[in-house]
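Step one of this worksheet: look at the structure below.
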Amino acid sequence: MSAPTHVPHRPSRPERLLQAVGVLLFLATFGAITSGVVARYFHLPGFEWSFEIAALSFVWVTFIGCVLAELRGENVRFVGVLLLLPPAGQRALQVFGCLVLLGVSLWLLTSGWAMLERSGRVPTPVLRWPSGLMTLALISAAAMLVVIALLRLWRLRVRVRREPQA
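Residues in the sequence shown are numbered consecutively from 1087, following the working numbering.
Printed below as a string of structure tokens:
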């Protein structure tokens, strides 16, 4: 098994799309905050919506960033511990990490769905948009993390089958 160090990779199309959406939402966050600050400084009415947009886009940027970090292996890593273990121990720790990611993501997915059902249609204070738009950020991130965990478990399973038995 090769050493689990960070190797720069070329992002896949879905990853690049996620990055683009994250950048656009970050720009929306920045623009909304800036317009709100300028409006308050110059006592301009009608910009109350800006902080609601900033909050909504910030939540989405946060969850997109979590998924991107997980895709790159930068979210939570135990490289030091992993390198101390023999190959079988490394594999076991990787499987354990994938199972933890899967479990937490499934829990977030079910909790987010329950929250969406209970309060997803409650309107936001200013724009009167469904508050479920924020919850959808959690649900979509959790669903993507479930897919990542399952793909990693599948790859670990395939790798174990391909490796010759000693």
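Here a beta-carbon is modelled for each residue, glycine too, at the ideal position from N, C-alpha and C.
Can you give the Cα-Cα distance for residue i and residue j, rounded to whole angstroms?
i	j	result
L1237	F1112	28 angstroms
W1146	V1186	23 angstroms
G1183	V1124	46 angstroms
L1154	L1104	8 angstroms
F1096	H1129	Position check: residue 1096 holds Arg in this sequence, whereas Phe was assumed. The straight-line gap from Cα to Cα measures roughly 47 angstroms.
E1101	V1190	22 angstroms
T1196	P1173	34 angstroms
L1157	T1148	14 angstroms
W1240	L1188	12 angstroms
Once you ignore the five residues that flank residue i on each side, which residues in its own chain have a CB closer than 7 angstroms to its CB?
i	result
T1210	E1138, S1217
L1219	L1142
L1194	L1224, A1228
G1151	G1108
S1205	S1217
For residue i, which residues from the same chain have a beta carbon less than 8 angstroms from its beta carbon, with the 5 sequence-adjacent residues on both sides left out?
i	result
S1121	F1133, S1136
L1179	F1164, V1167, L1168, L1171
L1242	R1177, Q1180, V1181, C1184
I1119	S1136, F1137, A1140
Could you confirm whether any beta carbon from chain B is found closer than 8 angstroms to the beta carbon of residue i?
i	result
I1225	The structure shown has no chain B; it contains just one protein chain.
Could you tell me which residues DSSP pairs with residue i in its beta bridges?
i	result
P1216	P1209
Locate the alpha helix (DSSP H) running through residue i, then write down its first and last residues.
i	result
G1108	1099-1127
E1138	1135-1157
L1168	1165-1170
Identify, in the order they occur along the chain, each residue of the same chain with its Cβ nearer than 6 angstroms to the Cβ of residue i, setting aside the five sequence neighbours on each side.
i	result
F1144	T1115
M1230	V1153
M1201	T1221
Any heavy atom of the ligand MG inside 7 angstroms of the beta-carbon of residue i?
i	result
T1196	With respect to small molecules bound, the structure shown includes none, and the ligand MG cannot be examined in it.
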